[in-house]
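Input: a single structure, listed below in structure tokens.
Residue numbers (this note's numbering): 7 to 283.
So, in structure tokens, the structure goes:
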């Protein structure tokens, strides 16, 4: 694990830098107990960066870990922080996410292939609103779509994401569900809009996942998603750590535009017009 994070650091660190980080630690390995940790461990090195961020739920400040460099990343790996879950916002403006995210979670027997179908539908809808989206595998059973933004607050993005998910469910009720109740999700893909919240996090691109195989949340090309949907085979969208390192050497960081592209969040009226189209 330490070796993987050391080697993937050049493309991973830009996606962690200046962001509050929630740890997901597996001190006894992936088959053992795990826990989430928002408060940076007290036994951290003196040089490790933290940022105090107010928590309404706790009515107190929480000192979050912030990973800006390789030593910080390696130290987290050394304490079994297998998964990295950064905020969508930066520490200096925690109410303004730099991206909107849709988390696609299949309810069995729906699978990653069904997520590809929904991702393509979602991409088409967002494109009609003038928004470019970037897909990645979750490294587990689903996918996420990131939509880079500029200037919007969570108070803007969360209801927008919810409205998009509702519209997609209305158009494709046999495939899509936007409500969280498990009883509604069998054989469908949950378009989880609720991640667009200052108190929630999504697994970072290039993060390992706690699976029997060392899978990684991996940036995807839309052509790869289209091919999977066309051929009925999503196996090519599942990447283990070694394959990700080779892929990065070959194509670089396919998620780099998420850090640089700035897009305006459409007004509610624009979404309403798209809904009527």
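C-beta: ideal position from N, C-alpha, C; glycine also.
CA nearest to the CA of residue i, picked from the options
i: residue 150; options: 156, 163 and 122; result: 122
i: residue 270; options: 222, 157 and 37; result: 157
i: residue 144; options: 198, 224, 163 and 172; result: 224
i: residue 160; options: 200, 189 and 128; result: 200
i: residue 10; options: 162, 55, 80 and 137; result: 80
i: residue 26; options: 206, 178, 113 and 241; result: 206
i: residue 50; options: 33, 37 and 85; result: 85
i: residue 172; options: 222, 139, 281 and 147; result: 281
i: residue 152; options: 138, 65 and 20; result: 138
i: residue 4; options: 113, 179, 236 and 147; result: Because the chain in this structure spans residues 7 to 283, residue 4 falls outside the shown range and cannot be described.
i: residue 116; options: 180, 34, 165 and 42; result: 180
Delimiting residues of the alpha helix (DSSP H) encompassing residue i
i: residue 274; result: 274–282
i: residue 20; result: 8–22
i: residue 250; result: 247–257
i: residue 121; result: 118–134
i: residue 70; result: Residue 70 -> not in any alpha helix (DSSP H); beta strand (DSSP E) instead, spanning 66–71.
i: residue 77; result: 76–84
i: residue 166; result: 160–177
i: residue 141; result: Per DSSP, residue 141 belongs to no alpha helix (DSSP H); it is in the beta strand (DSSP E), 140–143.
i: residue 230; result: 228–237
i: residue 265; result: 263–266
Residue i - containing beta strand (DSSP E), residue span
i: residue 56; result: 56–61
i: residue 42; result: 41–43
i: residue 28; result: 27–31
i: residue 101; result: 99–103
i: residue 89; result: 87–92
i: residue 151; result: 149–154
i: residue 195; result: 195–198
Proximity of residue i and residue j at Cβ, strictly below 8 Å
i: residue 68; j: residue 61; result: yes
i: residue 210; j: residue 76; result: no
i: residue 92; j: residue 268; result: no
i: residue 167; j: residue 202; result: yes
i: residue 135; j: residue 274; result: no
i: residue 7; j: residue 83; result: yes
i: residue 24; j: residue 97; result: yes
i: residue 89; j: residue 72; result: no
i: residue 53; j: residue 129; result: no
i: residue 195; j: residue 111; result: yes
i: residue 74; j: residue 31; result: no
i: residue 141; j: residue 231; result: yes
i: residue 197; j: residue 264; result: no
i: residue 169; j: residue 243; result: no
i: residue 238; j: residue 119; result: yes
i: residue 163; j: residue 103; result: yes
i: residue 182; j: residue 190; result: no
i: residue 131; j: residue 174; result: yes
i: residue 251; j: residue 13; result: yes
i: residue 178; j: residue 127; result: yes
Status (buried if at least 16 other CB within 10 Å, exposed otherwise) for residue i
i: residue 204; result: buried
i: residue 16; result: exposed
i: residue 257; result: exposed
i: residue 266; result: exposed
i: residue 101; result: exposed
i: residue 38; result: exposed
i: residue 133; result: exposed
i: residue 35; result: exposed
Inter-stretch contact at 8 Å, needing at least 3 Cβ pairs: the stretch 212–228 / the stretch 246–253
The answer is yes - the stretch 246–253 touches the stretch 212–228, with three or more Cβ pairs under 8 Å.
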